[in-house]
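Numbering (this note's numbering), first residue to last: 53 to 328.
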């Protein structure tokens, strides 16, 4: 159980607080203009939604190691994501969820069966930013397709990677703009749970090697599955030496399969029942 601070300009909506509590966490709802550095440093995670003031306090806390999830509310809210160095352009408002697509299966988006309006939230306005404006250390996870520049609604930024100011992130951070909407579906809540685990660095690197029938290394598509549920959690490609690595959540078991798409033949089960 984590101690989480949700910061907003109003406490009128309790649904976000209820979601975090439903995931087993202790949650306090704080008004943005009254927060202090010493107060926030007592929390394990900061979640900011529709924040208008005192952004500098959160920026200082993140710099000193407190992870944060940024959920921009609307175009009139001050962009905390921009101040934290996640991106350097003004945010955009998007609403056509038919163009929502994943950019990759990752720690955050794993086990989400499909994308589109229904798996995430009701059609409504949501903040985004152009992928071209993202910090070098960021990794875009979900985007709205745009003919000039895809608009990101979910991205993660690892501790120690480069931000837009040329510095580094002091803690793991998430941009997940749809958290500030009226309704979250089961899959959106699953993404949030994954994001919380990412913020607390509850993940490790799973590495392996793909070989053919003669034990020669080979480059192939590699899929990692949850041992218990059989759900796909990562898709990667091994290099010419057959080596691959992927991040997976700790405390779970996995199996890995390399697949030859050219002849429809499974090359090898690399490792079965991997416990990490």
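Idealized CB from N, CA, C, for every residue including glycine.
Near residue 302, what residues of its chain come up, given a Cβ to Cβ distance below 7 Å and the 5 sequence neighbours on each side ignored? 254, 255, 256 and 328
Range of the contiguous beta strand (DSSP E) that encloses residue 255: Start and end: 255-261.
Test item: CB-CB of residue 119 and residue 97 under 8 Å: In this structure, residue 97 lies closer than 8 Å to residue 119 by Cβ.
Starting from residue 287, follow its DSSP beta bridges and name the residues at the other end. 275
Mind the definition here: the segment 291-307 touches the segment 259-269 only if three or more C-beta pairs lie below 8 Å; say whether that holds. yes
Using CA atoms only, rank isn't needed, just tell me which of 101, 161 and 73 is closest to residue 20. Because the chain in this structure spans residues 53 to 328, residue 20 falls outside the shown range and cannot be described.
Since residue 54 contacts residue 248 with CB under 8 Å, what's their CB separation in whole angstroms? 7 Å
Run through DSSP, which three-state label would residue 80 get? strand
Is the Cβ-Cβ distance between residue 223 and residue 204 less than 8 Å? Cβ distance not < 8 Å, so residue 223 and residue 204 don't count as in contact.
Are there 16 or more other CB atoms within 10 angstroms of the CB of residue 85, so buried, or fewer, so exposed? Counting the other CB atoms within 10 Å of its CB gives residue 85 a total below 16, which places it among the exposed residues.
Can you give me the Cβ contacts of residue 187 inside the same chain, cut-off strictly under 7 Å, excluding the 5 residues immediately before and after it? 137, 138, 139, 209, 214, 215 and 216
8 Å contact criterion, which residue 206 and residue 194 should meet: CB distance rounded: 4 Å
Give every residue of the same chain whose Cβ lies closer than 8 Å to the Cβ of residue 296, excluding the five residues on either side of it in the sequence, and list them in chain order. Same-chain partners within the cutoff: 259, 260, 261, 262, 274, 288, 289 and 290.
Just verifying my parser: in three-state terms, what is the DSSP assignment at residue 243? helix
Quick one: grab the DSSP three-state call for residue 86. Here residue 86 sits in helix by DSSP.
With residue 99 and residue 121 assumed to form a contact (beta carbons below 8 Å), what rounded beta-carbon distance in angstroms separates them? 5 Å
Note down the Cα distance separating residue 90 from residue 107, rounded to an integer number of angstroms. 14 Å
Distance, Cα to Cα, residue 60 vs residue 103? 5 Å
Quick one: using the 10 Å Cβ neighbour count with 16 as the cut-off for buried, is residue 70 buried or exposed? Exposed, by the Cβ-count rule.
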